[in-house]
Amino acid sequence: MSVIGTSVTRKEAPNKVTGRARYTDDVNVPGTWHAVMVPSQQAHARIMAINTESAQNVAGVKAVLTGCDVAILTGDVIEDRPPLAHEKVRYWGEPVALVVAHDEASARRAAGLIEVRYQPLKVVNSIQEALAANAPLIHERISEYQVATPPAYPKRASNLADEANVVKGDVDMVWEQSAIRVQVRVKLPQVDHAAMEPRVAKAEILADGRVLIHSNTQAPYEVQKLLAKYFHLDPGQIIVQVPLIGGAFGGKATVHLEILAYLASKAVGGHAVKIANTREADLASSPVGMGLEADIGLAATKDGRLMAAKMRYFMDIGAYADSAPRIARAIAAQCTGPYKIEHLHADVYCVYTNHTYTTAFRGFGHMPMTFAIERAMDELARTLHIDPLELRERNALAPGDTTPTQARLTRSNLGDLPLAIDHMRTLIHWNGPTPRVVDDRHIRATGVAAFWKTSSSPPNAISGAIVTMNGDGSVNLSIGAVEFGAASKTTAAQILAEQLRIPLERVFIREEVNTHVDPEHWKTVASLSTYMVGRAVLDAANDLIRQLKDLAATVLRCSADDLDYGNEKLFVRDDPSIQLKFSDLALGYKYQEGDSIGGQLMGRGHFMIRHLNLLDQETGQGRPGPAWTVGVQAVEVEYDRMTHQYQILTAASVIDAGRVINPAAAVGQVMGGMNMGLGVASREVIHYDAQGQFLSNQFRTYRLMRVGEQPQEYRVEFVETPQVDSPFGARPLGEHGVLAIGAALANALSSAAEVPLNTLPLTPEAIWQARRRRLHYDTV
Amino acid sequence: MRSLTGPQAMTLTINGDARQVVVYPGETLLYTLRGDALGLTGAKPGCENGDCGACTVLIEQMPVKSCMVLTVEVEGSDITTVEGLQHAPIQQAFIDHGAFQCGYCTSGFLMVGHALSQQPDHDQGRLVEWLRSNICRCTSYQEITDAVRAVCSEIES
Amino acid sequence: MIPFDLFYYRPDTVDEALQAYGDLVRQHRHPAFYAGGTEILTRSRVQDVHIDAVIDLKAIPSLRIHRDDGQTLQLGAALRLTEVADLNLWPLLTATADRIADYTARRQITLGGNLLSVLPYREAVLPFLLMDSAKVELATQHGLQTRRFADVWDTALNLNPGEFLVSLRVDSQEARNLTFRSHKMTRLDWIDYPLVTIALAQPASGRVRAAFSGWNSYPFHSSTVDQILSDVSRSPQARAADAVSNMPMPAVSDIHGSAEYRQFVTQYTLSDMLTELEES
């Protein structure tokens, strides 16, 4: 009857195919007013004046707010971001004013009438421009900023929000002694999460002081905490409710619109106010995913053993830091990829630019980081004439090794990359990287790349679960993880059903999260729900079983130790005919005489991450996450040597899943992840013009993959090396499909086009340009 | 000549029912459907620019992006939304093939897939051409095309 | 949603439409003729235009006309692009128009709407640029007027305020007796604005004619380019290369592609199309 390892339909599926699934903007309090933001039309400028008079005069307008009305700074790690631009704007699209009106049309009309007078400043339009001597400072008062969540080290009088370093071994000596060295420089643009549901937040302040927030956030408890902090409220006053979310990918973990919604409601006496992003605002004004430039140097022996690495990563974090310092540490801690490199120096810089600010993006920095290291690995394989899969297998980290930040690896916390690589060979009929000729124009080539990732979560991340019983013996499960498509609710229900030995249908789980009643879960990020929520659910299940046994023991006049359970019954182990149904106990036990004992049974469970540290400032030493997920991915392309156009024939992944809880859902997560990773690598890019104007603010200019452009075939396999402290051994899996697939595509195309392709996106033009540059280089 | 200014009381035929609504001439069909009076929130705003297809409904059985049509234009037309699908094979096929994760684009894809399955001709080329009107960010698209193809071939046989 | 108090008129005749426009202007409104609506809705939403009255032309029968009487092929301006393709009265137009936007969008976009779009691409223009016999039927304050397409077109169809497009006409024989190719090249995606869309047409006896969209800010046809492409004594590759260096204006650089890359793509696409055209 095991529901673990069984493909079950997600709980909310029937609602999602009937239009009955409710998302944040689907249910509104009648009479909700609308707030509309006025985006900056400059990327870097001083605000000289804002004329709101004509906007105020539009019928239906209730309030107009500007940065002068809101004297706070916000931010996850560094408090550097005013909710509404104050004194200056730092990116095109930054909210400079907020209009609240009875209806959306009036608010939009009024927003269009607000005149902002700017004095343009020199725009910092790239990492190079930000780091140049005498670069204009984006944050003049950087040294006055509060670091809300250490560590982060903003550098005074610079555009560096933070820097993270890893030092291990004696890199300088080993570097010089190594026989082979390769250098790769990669450049990746900012990209957008492009969740199909734009961000939306609603706020209402009741007369009794309670603040009701509805939002499609991945971090409802963070919204609660930060609003309480910024506006001096008691956390208990703030109730955050999150229904189903229409895709998130990290982009909904920032507390952003919730602050504006609260300010808007407060400005109109607490009336219910909604702020819903247009797609244009969702792309340009709300945070995007970082850009990255990196220099990777690898030193190896002639037989392909990695000896040393020197790396520098520059993140284009845009105008505000948000979670960039955390991402920088995640990159630093995993910078080698899943390979053993004992002598290492890596510096990761968070660089402010006048681009849209950035936040977590599926993979938390590991996707661009993996691109860098995996391009370097392929260049090393090419230089050494070693099979690229072989090179990766030979250098794979093993139990007993330590990570770049000197965390000790075990079979449980690492998994088995060599086994995954071995499966990949069979899965794609691996024949090496040499392209195969199809006809006089077309050739086929396969690229591979490997990844690893851990959670990079704070050392005190918590989760909880509450299970209550219904009179018929079925159970209700309450958790703090939101549902944005990763089936986290269904997985939690599966874990509970398995532990209680009941059918999945007997577990009822709410689609939404309400911070007032659901136990806190840190944030629904980092693919950690199965692990953290799962552990809390197991704890709650065990608590409930204990209560069932205790009550049953009393009724059956035996010791709780004599009892076992199954089929929604408790029974005496050596005589199962002595038994009670769950339903006999769920709401208390009623004796024949009518007197009763017990009460509603409810299990409570909690979980706290253990043994993690903040990384040391000098060396990076510390443990960044409870365990890693490793995997290898491959892409086969057919490439036209004349036009440089290509088709993706196959995309494949082999991932160490620890234990697959829901096979169909797991395969779907990985396939979808591969598609997203391939979209990012092949076509996605945010363009800015010379003045820093955001040019990609619609799906006409920010192109996403569509039907017919996906790989012709997907292949997904799992190996299962249990993570012993995780429910049923399961490892995180939600983000991982994206991590190395872009690097695999670049490796395939680099082989096919016979030119290193280290810049994204990999459009035919990019390949054409790279080949032209190389031709020029060869002839000079 | 029909001339409409200011709020208009009109009758729309939605999912087989005649529904009385008051609409402003500047309202898109998406806005009207999702409004308090009808509450048909299955059609989603994803871009309101005709690019993503999350708001797709059927007008006279054919797919239309409801953000790209004024409600006053479809007075008298037969409108079908996802709420009007009554155990259509496409719905179970989407569940069976795992053709959605977050579910936000699902209504739009369902409507395109359903309309296509009702067409006399739904070869592979047409299937791709219709489905590429919509965007999904979660799945790999293979699940969606598999689900639609399964329903189309079932109807054929 | 159009965030203005919109007036919506749906006239049944051309005269009513003209009358409505005049009335609205006199009332100091900002009217626009409306058919598919995609451009007006998208631009109004982001307040790129201020339109507070639309005159929906779709109910006027003469804008929905489609016929080929053997002499004249006539297509109403309010036909949807999918209708133009399904009717397939003019296969060259079908081939070009069927690559605009996406399928569902083409169920909204009208032929006239595409021809009069503010975007640079307007691919449906290309076939008309290739036909000497192409004519437009306009509704003007002086009644219906039929003019040569070439006389109304420079970089756009030049209509005066208050005028609208009723139908398009080409000579049946000219439209039918030609071999053609139409090809849209994008940065990468099937659904995207073109780096370049090329329509080639060759009458049974006559020169190759070529029209281009995406190369610059408006669709164009150039007799110099035609002349180069028609010189069958040279290889398609040589002609394509020569054509690209003799375009009447430079290629644009934008987020879809650089000017140099547009030249590269245009060259190999032209070459491939010439080869196909001459082999067929």
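Residue numbers (UniProt numbering), protein chains in the order written: chain A, 1 to 780; chain B, 1 to 157; chain C, 1 to 280.
Glycine included, each C-beta is placed from N, C-alpha and C at the ideal position.
This one's a predicted model, so the numbers in the text were calculated from it and none came from an experiment.
Distance, Cα to Cα, residue i vs residue j?
i                      : j                  : result
Met-273 of chain C     : Ala-240 of chain C : 10 angstroms
Val-128 of chain B     : Ala-147 of chain B : 13 angstroms
Gly-620 of chain A     : Ala-328 of chain A : 11 angstroms
Gly-729 of chain A     : Pro-722 of chain A : 4 angstroms
Ile-386 of chain A     : Gly-304 of chain A : 7 angstroms
Tyr-714 of chain A     : Gly-363 of chain A : 20 angstroms
Asn-51 of chain A      : Leu-229 of chain C : 58 angstroms
Val-685 of chain A     : Glu-163 of chain A : 25 angstroms
Val-780 of chain A     : Arg-772 of chain A : Because the pLDDT at Val-780 of chain A is just 41, under 50, the model does not fix this residue reliably, and the point stays unresolved.
Val-84 of chain C      : Leu-178 of chain C : 19 angstroms
Gln-71 of chain C      : Leu-92 of chain C  : 17 angstroms
Met-196 of chain A     : Ser-66 of chain B  : 16 angstroms
Val-69 of chain B      : Met-1 of chain C   : 9 angstroms
Val-255 of chain A     : Asp-76 of chain A  : 8 angstroms
residue 792 of chain A : Ile-545 of chain A : The question about residue 792 of chain A has no answer here: the residues shown for chain A are numbered 1 through 780.
Ser-44 of chain C      : Pro-3 of chain C   : 7 angstroms
Thr-269 of chain C     : Asn-246 of chain C : 16 angstroms
Gly-26 of chain B      : Ile-275 of chain A : 21 angstroms
Ala-9 of chain B       : Lys-569 of chain A : 60 angstroms
Val-82 of chain B      : Val-152 of chain C : 45 angstroms
Gln-494 of chain A     : Gln-20 of chain B  : 45 angstroms
Lys-155 of chain A     : Val-186 of chain A : 25 angstroms
Asp-132 of chain C     : Leu-144 of chain C : 21 angstroms
Of the residues the options, which one's Cα is nearest the Cα of residue i?
i                  : options                                       : result
Ala-210 of chain C : C:Ala-204, C:Val-118, C:Asp-226 and C:Asp-23  : C:Asp-226
Val-36 of chain A  : A:Ser-106, A:Tyr-91 and A:Val-58              : A:Ser-106
His-611 of chain A : A:Pro-519, A:Leu-257 and A:Pro-459            : A:Pro-459
Leu-115 of chain C : C:Pro-219, C:Arg-234, C:Pro-250 and C:Pro-161 : C:Pro-219
Gly-269 of chain A : A:Gln-241, A:Ala-228 and A:Val-211            : A:Val-211
Gln-61 of chain B  : C:Met-249, C:Arg-107 and C:Thr-266            : C:Arg-107
Asp-26 of chain A  : A:Cys-68, A:Val-171 and A:Ser-215             : A:Ser-215
Glu-39 of chain C  : C:Ile-109, C:Val-125 and C:Thr-96             : C:Ile-109
Gly-708 of chain A : A:Val-630, A:Leu-649, A:Ala-664 and A:Ser-751 : A:Leu-649
What does residue i reach in chain A if we use C-beta pairs closer than 7 angstroms?
i                  : result
Phe-264 of chain C : Trp-768
Residue i versus chain B: which residues are under 7 angstroms apart at the beta carbon?
i                 : result
Lys-16 of chain A : Phe-100, Gly-103 and Thr-106
Ala-13 of chain A : Ile-95
Which chain B residues are close to residue i, counting only those with a beta carbon under 9 angstroms from its beta carbon?
i                  : result
Leu-87 of chain C  : Those do not exist, as Leu-87 of chain C stays about 16 angstroms from chain B at its closest Cβ, beyond 9 angstroms.
Gln-108 of chain C : Gly-50, Val-64, Lys-65, Met-68 and Val-69
Using a cut-off of 8 angstroms between C-beta atoms, extract the partners of residue i located in chain A.
i                  : result
Phe-4 of chain C   : Ala-105 and Arg-109
Tyr-268 of chain C : Met-642 and Thr-643
If the cut is a Cβ gap below 7 angstroms, which residues of chain C does residue i touch?
i                  : result
His-687 of chain A : Ile-255
Give me the chain B residues within the contact set of residue i, using Cβ-Cβ distance strictly less than 8 angstroms, ordered along the chain.
i                 : result
Tyr-9 of chain C  : Met-1, Arg-2, Ser-3 and Leu-4
Arg-45 of chain C : Glu-48 and Asn-49
Gly-37 of chain C : Met-68, Val-69, Leu-70 and Glu-73
Name the chain C residues whose beta carbon is nearer than 8 angstroms to that of residue i?
i                  : result
Thr-139 of chain B : Neighbours of Thr-139 of chain B on chain C: none; closest Cβ ~18 angstroms, over 8 angstroms.
What residues of chain C sit near residue i, judged by a beta carbon separation below 9 angstroms?
i                 : result
Glu-27 of chain B : Met-1, Ile-2 and Leu-6
Closer than 8 angstroms is the cut-off here; do at least three beta carbon pairs connect the segment 686-703 of chain A with the segment 651-666 of chain A?
Contact fails: fewer than three Cβ-Cβ distances are below 8 angstroms.
Segments assigned beta strand (DSSP E), at least 3 residues, entirely inside the segment 283-349 of chain A
Counting only runs of 3+ residues, the beta strand (DSSP E) found wholly inside the segment 283-349 of chain A occupies 291-300 and 306-318, in chain order.
Do the segment 316-324 of chain A and the segment 49-63 of chain A meet, that is, are 3 or more Cβ pairs less than 8 angstroms apart?
Segment contact: the segment 316-324 of chain A against the segment 49-63 of chain A, fewer than three CB-CB distances shorter than 8 angstroms; contact not assigned.
Are the segment 421-441 of chain A and the segment 623-638 of chain A in contact at 8 angstroms, needing three or more beta carbon pairs?
Cβ pair count under 8 angstroms is three or more, so yes.
Count the CB pairs spanning the segment 188-195 of chain A and the segment 346-364 of chain A that are closer than 8 angstroms, and state whether there are at least three.
Cβ pair count under 8 angstroms is three or more, so yes.
Would you check if the segment 367-377 of chain A and the segment 200-210 of chain A touch, i.e. whether three or more CB-CB distances between them fall below 8 angstroms?
With the rule of 3 Cβ pairs closer than 8 angstroms, the segment 200-210 of chain A does not count as touching the segment 367-377 of chain A.
Is it true that the segment 295-314 of chain A meets the segment 232-241 of chain A, where meeting means three or more beta-carbon pairs spaced less than 8 angstroms apart?
With a cut-off of 8 angstroms on Cβ pairs, the segment 295-314 of chain A is not in contact with the segment 232-241 of chain A, counting fewer than three such pairs.
Counting only runs of 4+ residues fully inside the segment 87-148 of chain B, write out the alpha helix (DSSP H) ranges in chain order.
Qualifying alpha helix (DSSP H) stretches, in chain order: 89-96, 106-117 and 124-131.
Please give the ranges of any beta strand (DSSP E) in the segment 125-173 of chain A, keeping only runs that are unbroken, at least 3 residues long and fully inside the region.
Fully enclosed beta strand (DSSP E) runs of 3 or longer: 160-168.
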